[in-house]
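J.: This is the structure I want to talk about, given as structure tokens.
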Amino acid sequence: MDITFLGTGTSHGIPVVGCSCAVCGSADSRDTRWRSSVLVRGRSGESLLVDAGPKFRLQALRAGIDRLDAVFLTHAHADHIHGLDDLRPLTVRAPLPVYGNAEAVAELRERFSYVFRETQRGGGKPRLITSVVRDEVAAGSVRIRAIPVKHGGLDILGWKFIADGASFAYVTDASRIDQASFGELRGLDLLVLGALRARPHATHMSFGEAAEVIRAAAPARALVTHLCHEHTHAEAEEYFRNLGILCGKGEAIEPAWDGLRVSFSN
Ligand SMILES: [Zn+2]
Ligand SMILES: [Zn+2]
Ligand SMILES: [Zn+2]
Numbered sequence: 219m220d221i222t223f224l225g226t227g228t229s230h231g232i233p234v235v236g237c238s239c240a241v242c243g244s245a246d247s248r249d250t251r252w253r254s255s256v257l258v259r260g261r262s263g264e265s266l267l268v269d270a271g272p273k274f275r276l277q278a279l280r281a282g283i284d285r286l287d288a289v290f291l292t293h294a295h296a297d298h299i300h301g302l303d304d305l306r307p308l309t310v311r312a313p314l315p316v317y318g319n320a321e322a323v324a325e326l327r328e329r330f331s332y333v334f335r336e337t338q339r340g341g342g343k344p345r346l347i348t349s350v351v352r353d354e355v356a357a358g359s360v361r362i363r364a365i366p367v368k369h370g371g372l373d374i375l376g377w378k379f380i381a382d383g384a385s386f387a388y389v390t391d392a393s394r395i396d397q398a399s400f401g402e403l404r405g406l407d408l409l410v411l412g413a414l415r416a417r418p419h420a421t422h423m424s425f426g427e428a429a430e431v432i433r434a435a436a437p438a439r440a441l442v443t444h445l446c447h448e449h450t451h452a453e454a455e456e457y458f459r460n461l462g463i464l465c466g467k468g469e470a471i472e473p474a475w476d477g478l479r480v481s482f483s484n
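Quick note on my numbering: the sequence shown kicks off at 219 and runs consecutively.
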């Protein structure tokens, strides 16, 4: 199993339109952060996407995506689903399953209502089959478990991928994780958590809050994503290094960046 970060930025994307801050003007390529999304590939060629934000088309071209077997939605905020129409070319051969919780699926079907009703011939539409996941689904040899978490007052999902003896969880936009869901996050090979910035935020974990979850979950490796433009990549990296929390492989928590690829050898 390997994963590719298609985007690691917060809802605006970075640089933010009209912003002249040091991060938005940074020459470090890791400070350009498109909307948060990951691609997960299984050993048998399974190709699984988590979220499809406004720049999905460019993310897919950049990552060389030529097929998808399923899409997993964390929630229906614009920065996570408004690229869904760009899935069209990947649904020509077969309709694409899209999984989420009941709220996300209902919102998707409302906002993309044209996809699910009869329209005139000749107009291209993505062929999506939505399903509500309450527990677990499989895609080839990959097991995918839904992890309910809170995003402010909203019920959203994190996703845990288990394949070839490796386990990884992707939990973005969460502000609170209850005990039952936290149990799913213990002892992973890789834990990816959304962490907006050092300052607290009402609906997202701060760097410090995410670090506490990571410390308690004790993964072999930990990365944070969905960063805003308050810190350069280098500053975020230093922030986490200074916390002194070491993951199982002896590495500090790291901010992810667009294009980062992580492979599990086991
Ligand atoms: Zn978001
Ligand atoms: Zn900025
Ligand atoms: Zn959100």
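Using N, Cα and C, we set each Cβ at its ideal position, and we do this for glycine too.
Please read these numbers as outputs of a predicted model, since none were measured by experiment.
(1) Count the C-beta pairs between the region 330 to 345 and the region 381 to 394 that are closer than 8 Å, then say yes if the count reaches three, no if not.
(2) May I ask you to report which of helix, strand or coil DSSP gives T421?
(3) Would you kindly work out how many angstroms separate the C-alpha atoms of K273 and S265, rounded to a whole number?
(4) Quick one: grab the DSSP three-state call for T250.
(5) Taking the C-alpha atoms as reference points, what is the distance between G477 and I374?
(6) Could you name the residues of the same chain whose beta carbon sits closer than 8 Å to that of L406, not counting the 5 residues immediately before and after it, in chain order?
(7) Please list, in chain order, all residues with a C-beta atom less than 6 Å from at least one heavy atom of ligand 2.
(8) Relative to the C-alpha of R248, which residue among E472, Q397 and S483 is closest?
(9) So, helix, strand or coil for V268, using DSSP?
(10) Per DSSP, what kind of secondary structure is P313 in: helix, strand or coil?
(11) May I have the straight-line CA-CA distance separating A364 from I432, to the nearest angstrom?
(12) Report the CB separation of V389 from V367 in whole angstroms; it is logged as a contact under 8 Å.
(13) Cα separation between A296 and S229?
(14) Can you give me the start and stop residues for the beta strand (DSSP E) that D220 sits inside?
T.: In brief:
(1) no
(2) coil
(3) 19 Å
(4) When DSSP states are grouped into helix, strand and coil, T250 belongs to the coil group.
(5) 25 Å
(6) K378, S385, F386, A387, A435, P437 and A438
(7) Residues flagged by the Cβ proximity filter: V234, C237, C239, V241, C242 and H447.
(8) E472
(9) strand
(10) coil
(11) Between the alpha carbons of A364 and I432 lies a gap of roughly 19 Å.
(12) 6 Å
(13) 8 Å
(14) D220 to G225
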